[in-house]
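Sequential numbering from 13 applies to the sequence shown in my numbering. Think of the CB as a built atom: it goes at the ideal place given N, C-alpha and C, for glycine as much as any other residue. One structure is given here, and the rest of the page talks about it.
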Amino acid sequence: MLKYLTIALLIPMSLSAASNEETLQYIIADYQAQCEKVQEDFRDIDYEEGDPIVAELGLSDDNIYEITIDKDGKTATVLHAYFSCTNIGYSWCGTL
Numbered sequence: 013m014l015k016y017l018t019i020a021l022l023i024p025m026s027l028s029a030a031s032n033e034e035t036l037q038y039i040i041a042d043y044q045a046q047c048e049k050v051q052e053d054f055r056d057i058d059y060e061e062g063d064p065i066v067a068e069l070g071l072s073d074d075n076i077y078e079i080t081i082d083k084d085g086k087t088a089t090v091l092h093a094y095f096s097c098t099n100i101g102y103s104w105c106g107t108l
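In structure tokens, the structure reads:
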């Protein structure tokens, strides 16, 4: 398993901010879906079908940031995938 996963979205912010945001949301939604799925392993013995799934995905704001990638000032968004998930913490996404 990867210890750290860093994803750089090499889309110039000035040209495609909406696309960049959509990409981030897609990645975050995927982690959220994985977090929800794994909660099945933590259901109580009293669980009844239809009970809501509590799966809080956490990511500190400083794990998404911009970097300059060329001398002209072109930037890219970096997502350091240091997510936490209810009942599991950080280890489920390859970070400790």
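By the 16-neighbour rule on beta-carbons within 10 angstroms, residue 45 is exposed.
Take residue 96, set aside five residues on each side of it, and the residues of its chain with a beta-carbon closer than 6 Å to its own are 70 and 102, in chain order.
Looking at the DSSP output, residue 66 shares a beta bridge with no other residue. In the three-state reduction of the DSSP assignment, residue 41 falls in the helix class, which pools H, G and I. Taking all protein chains in view, the Cβ of residue 67 is crowded by 16 or more other Cβ atoms within 10 Å, so the residue is classified as buried.
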